[in-house]
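See structure below.
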Amino acid sequence: MPKDTLTVTDNRTGKTYEIPIENGCIRTPDLRQIKTGSDDFGLMGYDPAFLNTANCKSAITFIDGDKGILEYRGYPIEQLAEKSTFLEVAYLLLKGQLPTQAELDNFTHNVTHHTLVHENIKSFMDGFRYDAHPMSMLGSTVAALSGFYPDAKNIRDARSREIQITRLIAKMPTIAAFSYRHSMGLPYVYPDNDLSYVANFLAMIKRIGTTTYKVHPTLEKALDVLFILHADHEQNCSTTSVRTVGSSQVDPYSAVAAGVGALYGPLHGGANEAVLRMLREIGTKSAIPEFIKQVKGGEGEKKLMGFGHRVYKSYDPRAKVIKRVADEVFEVTGKNPLLEIALELERIALEDEYFVKRKLYPNVDFYSGLIYEAMGFQAEMFPVLFAIPRTVGWCAQWEEMVTDNEQKIARPRQVYTGSTRRDYVAREKRTSAK
Numbered sequence: 333m334p335k336d337t338l339t340v341t342d343n344r345t346g347k348t349y350e351i352p353i354e355n356g357c358i359r360t361p362d363l364r365q366i367k368t369g370s371d372d373f374g375l376m377g378y379d380p381a382f383l384n385t386a387n388c389k390s391a392i393t394f395i396d397g398d399k400g401i402l403e404y405r406g407y408p409i410e411q412l413a414e415k416s417t418f419l420e421v422a423y424l425l426l427k428g429q430l431p432t433q434a435e436l437d438n439f440t441h442n443v444t445h446h447t448l449v450h451e452n453i454k455s456f457m458d459g460f461r462y463d464a465h466p467m468s469m470l471g472s473t474v475a476a477l478s479g480f481y482p483d484a485k486n487i488r489d490a491r492s493r494e495i496q497i498t499r500l501i502a503k504m505p506t507i508a509a510f511s512y513r514h515s516m517g518l519p520y521v522y523p524d525n526d527l528s529y530v531a532n533f534l535a536m537i538k539r540i541g542t543t544t545y546k547v548h549p550t551l552e553k554a555l556d557v558l559f560i561l562h563a564d565h566e567q568n569c570s571t572t573s574v575r576t577v578g579s580s581q582v583d584p585y586s587a588v589a590a591g592v593g594a595l596y597g598p599l600h601g602g603a604n605e606a607v608l609r610m611l612r613e614i615g616t617k618s619a620i621p622e623f624i625k626q627v628k629g630g631e632g633e634k635k636l637m638g639f640g641h642r643v644y645k646s647y648d649p650r651a652k653v654i655k656r657v658a659d660e661v662f663e664v665t666g667k668n669p670l671l672e673i674a675l676e677l678e679r680i681a682l683e684d685e686y687f688v689k690r691k692l693y694p695n696v697d698f699y700s701g702l703i704y705e706a707m708g709f710q711a712e713m714f715p716v717l718f719a720i721p722r723t724v725g726w727c728a729q730w731e732e733m734v735t736d737n738e739q740k741i742a743r744p745r746q747v748y749t750g751s752t753r754r755d756y757v758a759r760e761k762r763t764s765a766k
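Okay, here's the thing in structure tokens:
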């Protein structure tokens, strides 16, 4: 009968080892027994960027990149985007089940009534230069929240965790809106508890010279769907950062601030901005064939942005939803002039054997930037718009890690490639290394 084990023969010594397989994985510490002698540390795995290393067990998000599947707690992202709301999805990610109406009402009430921030937060944000990037302001302010809520360090207390998570989800749109208003030289707008989560954020962003701001329902729904699509995405760079920093048992504000910092990078939260730059560089539909030729020929630094994904080797399921959302948004705002170029670029790429063979399909970033720009957001705000919903995923992943008895403080190994032991040489006796 087949055994769930892996038999390894070390050709250096001729010894054979039997290593257990669990959930399609071996535990890399089991490799430590494979040694050439008593002074050998033991075999390690070497996996830059963790491309084939699982750092945790998680019940939150399931992805099958080959089949283009994304599920939150077992629910297909397409169904949630069509039928659910962001706060209902937030409850699902945090609690593991879709809420009853009473549970959702209570959760919504708690989030809504935690949206205000301490007045000193405004003073803190006023300290940033007028041209500070909103993402820099967001990350710094989120980290500062740990100073306002010292009880957050009680991470083993379930009730304390629930309160901090509610605060984070509630206050993130407020801090994000404040960072935008600061960068624009506009007065801060306080939250309005009569509005929905998304409408409240848009009102704090857009309200100028009036006590009320009427949010267009189509734009409100569109941003709600975009928030659902970005709520979690398994062990990506920012989520891994949250788990790694959180493994030191720090408060959730500090851990989430690490996620914001990771998301700030152009390879993560800045991907949709890169798409817009590419579309503007192309300029016209007639220039697309030459651009495609340069991409395929590897000329200069020409890259097809918004296509392909580290995980998805077929069509990103979020991209299908977001394309429909784009159509609805443009009906209200008018078409982004770059849309015509984007559609033609997508058509060519999906038919060209070069891209099809390499499984370079549109991803979620291909259309999201066009939507955000049509809604009046500047490119600097794109990663901020990513961070607001991803806070839910970060919090769910953080709490799952805290309650996982197998998790310890993160401490990867390294492969040392430096000098062997050498003695100190007095300065007057040293020669130049050149």
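Numbered as in this note's numbering, the sequence shown ends at 766 without a single skipped number.
Note that CB positions come from ideal geometry on N, CA and C, so glycine has one too.
(Q) Tell me the residue span of the beta strand (DSSP E) that contains residue 395. (A) 393-396
Q: Below 7 Å CB to CB, which residues in the same chain sit around residue 658 once its five sequence neighbours on both sides are set aside?
A: 699, 702 and 703
(Q) With the cut-off set at 8 Å, would you say residue 795 and residue 446 are in Cβ contact? (A) Since the first residue of the chain shown is 333 and the last is 766, residue 795 is not available in this structure.
**Q.** Closest by C-alpha distance to residue 364, when choosing among 375, 354, 371 and 358
**A.** 375
Q.
Please state whether the Cβ-Cβ distance between residue 660 and residue 497 is less than 8 Å.
A. no
Q) For residue 285, does the count of other Cβ atoms within 10 angstroms reach 16, so buried, or fall short, so exposed? A) Because the chain here runs from 333 to 766, residue 285 falls outside it and cannot be looked at.
Q: Could you tell me if residue 727 is buried or exposed, where buried requires 16 or more neighbouring beta carbons within 10 angstroms of its beta carbon?
A: buried
Q.
Checking 8 Å against the spacing of the C-beta atoms, do residue 476 and residue 595 come in under that value?
A. no
(Q) Need the endpoints of the alpha helix (DSSP H) that residue 436 sits in, please. (A) 433-444
Q. So, is residue 799 buried or exposed, given that buried needs 16 or more other C-beta atoms within 10 angstroms?
A. The displayed coordinates of the chain run from 333 to 766. Any statement about residue 799 would go beyond what the structure contains.
Q | As assigned by DSSP and simplified to three states, the class of residue 338 | A | strand
Q: Report the residue ranges of all alpha helix (DSSP H) runs contained in full by the stretch 664-729; include only those spanning at least 4 residues, in chain order.
A: 671-683, 685-689 and 697-706
Q.
Mapping the DSSP letters down to three states, classify residue 408 as helix, strand or coil.
A. strand
Q | Neighbourhood of residue 390 by C-beta distance below 8 Å, restricted to the same chain and skipping five residues each side | A | 566, 567, 729 and 732
(Q) Excluding the 5 residues flanking residue 456 on each side, which residues of the same chain have their C-beta closer than 7 Å to its C-beta? (A) 473 and 476
Q. For residue 428, which option in 394, 399 and 443 has the closest C-alpha, if you only look at C-alpha atoms?
A. 394
(Q) Buried or exposed, going by whether 16 or more other CB atoms sit within 10 Å of the CB of residue 333? (A) exposed
Q) Assuming residue 670 and residue 717 make a contact with CB atoms under 8 Å, what is their CB distance in whole Å? A) No, residue 670 and residue 717 are not in contact; Cβ-Cβ is about 18 Å, not under 8 Å.
(Q) Tell me which residues share the same chain as residue 740 and place their Cβ nearer than 8 Å to its Cβ, disregarding the 5 neighbours each side in the sequence. (A) 579
Q. Taking just the CA atoms, how far does residue 431 sit from residue 420?
A. 7 Å
Q | Exposed unless 16 or more other CB atoms sit within 10 angstroms - verdict on residue 434 | A | exposed
Q | Element boundaries [alpha helix (DSSP H), containing residue 621] | A | 620-629
Q) Rounded C-beta distance between residue 534 and residue 547? I'm assuming under 8 Å. A) 5 Å
Q) What residues in its chain sit with their C-beta under 7 Å from that of residue 709, if we drop five residues either side in the sequence? A) 717
Q: Whole angstroms is fine: what's the gap from residue 358's alpha carbon to residue 387's?
A: 12 Å
Q: Report the rounded CA-to-CA distance for residue 462 versus residue 691, giving the unit in angstroms.
A: 43 Å
**Q.** Beta bridge counterpart(s) of residue 357 as assigned by DSSP
**A.** 354
Q: Grab the span of the alpha helix (DSSP H) containing residue 506 for me, first residue to last.
A: 490-516
Q: Out of 752, 442, 722 and 361, point me to the one whose CA is closest to residue 563's CA.
A: 722
Q. With C-beta atoms as the reference, is residue 464 less than 8 Å away from residue 515?
A. yes
**Q.** residue 448, DSSP secondary structure in three states
**A.** coil
**Q.** Those residues which DSSP pairs with residue 349 across a bridge
**A.** 340
Q | First through last residue of the alpha helix (DSSP H) which encompasses residue 480 | A | 466-480
Q: Taking all protein chains shown into account, decide if residue 664 is buried (16 or more other Cβ within 10 angstroms of its Cβ) or exposed.
A: exposed
Q. So, are the CB atoms of residue 561 and residue 501 less than 8 Å apart?
A. no
**Q.** DSSP state of residue 402 mapped onto helix, strand, coil
**A.** strand
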